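**Student:**
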Amino acid sequence: MKFLIVGAGAVGGYFGARLAEKGEDVTFLVREKRKEQMKKRGLRIQSIHGNTTIQAKTITMEDTGLFDVVLLGTKAYHLENVIETIRPFIHDQTVIIPMLNGIAHLDRLRKAFSTEQVIGGLCFIESTLNEFGDIVQTSQIHRFVFGELNGERSERVKKIEAAFAGTNAMIEVSDSVLTEMWHKYMFITTMSGVTTLYNQPVGPIRELPSGEKVIRGLFAEIGAIMRAVGAPIADQVEEKQWKQMGGVEYEMKSSMQRDMEKGLPIEREHLQGYLLKLAELHQIQAPILATIYTNLLFYHPESS
């Protein structure tokens, strides 16, 4: 199978490099500057699971070629541009797997291409790019989950699973990937929301009774919104996510918080903003979510 990884950043770059390290046919769709950087240095990973450097195959939007699987490893605010960029590289049977946070992108991708071409995907990893463009990965978990949105164990999913087998990463096929995506959406929206609201890592927030109250309250608001739209979330998922929050390292910052510290764009509209629109549509009161969203509106990234 021919894999196209859109972007060679901290997420797509990591899992794409692990797949290429194994020997699969992997190409990275990147901008010219990133292509030159990777040509000079290779695609380098510094990881607690083992360092590696690969001489990655790269293309830019001016190139041609068709691919069997496309992994979208970019930020949500690049989605519209990405959709137009990947069109020339997709054939009728191409499988598109988004690795983005949130859920709103699924409908957009299925409208842009076809319902059949898009399957579910999500990842759990702590990684970033350093000043040299190397991927620095620091978490015990480096997990990529994918699967058909209807839960079917299809032949194409089995082929993709076989391609990933033996990679130096945690790769899983899920028969409930949509549920896992909604659950992660709840967690990451809460994690990014409270850490950016208080400008603190998660530990100091959750150890305060008032901080715990805000976290639990936000989980409850998001759960109510998700149930109102018929999201396939588990019973008492809010309590499970609070326990999960308790297991996060004390000094852990959210990726949104780190992006804000670097003056980068953030996924405000894709995460908090989208949920707030759903709340308003279904007339659900979400004061904590609204406060967090308002706080994020005052952030103006230097690079935008």
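Sequential numbering of the sequence shown, starting at 16, is according to my numbering. C-beta atoms are modelled at their ideal positions from N, C-alpha and C, and glycine is treated no differently. The structure presented is a predicted model; accordingly, all values stated were derived computationally and were not measured.
Taking the DSSP output, what are the residues bridged to H157?
**Tutor:** Residue mapping note: residue 157 aligns to position 142 of the sequence shown, counting from 1. DSSP lists I140 as partners of H157.
**Student:** My assumption, with CB atoms under 8 Å, is that E321 sits in contact with N145. Please give the rounded CB distance.
**Tutor:** A query on residue 321 cannot be resolved here, the shown segment of the chain reaching from 16 to 319 and no further.
**Student:** Taking C-alpha atoms, which residue in R168, V84, E51, S225 lies nearest to E187?
**Tutor:** Along the sequence shown, read from residue 1 onward, the residue named residue 187 stands at position 172. For E187, the nearest C-alpha among the options comes from R168.
**Student:** Taking contact to mean at least 3 C-beta pairs separated by less than 8 Å, is the stretch 305-314 in contact with the stretch 198-218?
**Tutor:** Because the criterion of three Cβ pairs below 8 Å is met, the stretch 305-314 and the stretch 198-218 touch.
**Student:** Per DSSP, what kind of secondary structure is F104 in: helix, strand or coil?
**Tutor:** By 1-based counting over the sequence shown, the position of residue 104 is 89. Three-state DSSP puts F104 in a helix.
**Student:** In three-state DSSP terms, what is S62?
**Tutor:** Taking the sequence shown and counting its residues from 1, the one referred to as residue 62 is at position 47. S62 falls in the strand class under three-state DSSP.
**Student:** Per DSSP, what are the beta-bridge partners of D40 in this structure?
**Tutor:** Within the sequence shown, the letter at position 25 stands for residue 40. DSSP lists K17 as partners of D40.
**Student:** Would you list the residues sitting across from L87 in a DSSP beta bridge?
**Tutor:** Counted from its first residue, the sequence shown places residue 87 at position 72. V21, P113.
**Student:** In terms of alpha-carbon separation, which member of F43, L137, I111, V160 lies closest to R125?
**Tutor:** Locating residue 125 in the sequence shown gives position 110, counting from the first residue. It is I111 whose Cα lies nearest to the Cα of R125.
**Student:** Taking the CB atoms as reference points, tell me whether S129 and A25 lie closer together than 8 Å.
**Tutor:** Within the sequence shown, the letter at position 114 stands for residue 129. Within the sequence shown, the letter at position 10 stands for residue 25. Cβ atoms of S129 and A25: not closer than 8 Å.
**Student:** Return the first residue and the last residue of the alpha helix (DSSP H) that I240 is part of.
**Tutor:** Mapped onto the sequence shown, residue 240 falls at position 225. It spans 224-243 - the alpha helix (DSSP H) in which I240 sits, taken as one unbroken run.
**Student:** Please return the same chain residues whose Cβ sits closer than 7 Å to the Cβ of G135, not counting the five positions on each side in sequence.
**Tutor:** Mapped onto the sequence shown, residue 135 falls at position 120. Closer than 7 Å at the Cβ level, and outside the excluded window around G135, lie F161, G162, L164, V192, L193, M196.
**Student:** Going by DSSP, what residue range makes up the beta strand (DSSP E) through V188?
**Tutor:** Taking the sequence shown and counting its residues from 1, one reaches residue 188 at position 173. Element bounds for V188: 185-188.
**Student:** Counting C-beta neighbours from all protein chains within 10 Å, is the total for G1 16 or more, i.e. buried, or is it exposed?
**Tutor:** This structure cannot settle anything about residue 1, because the visible part of the chain is limited to 16 through 319.
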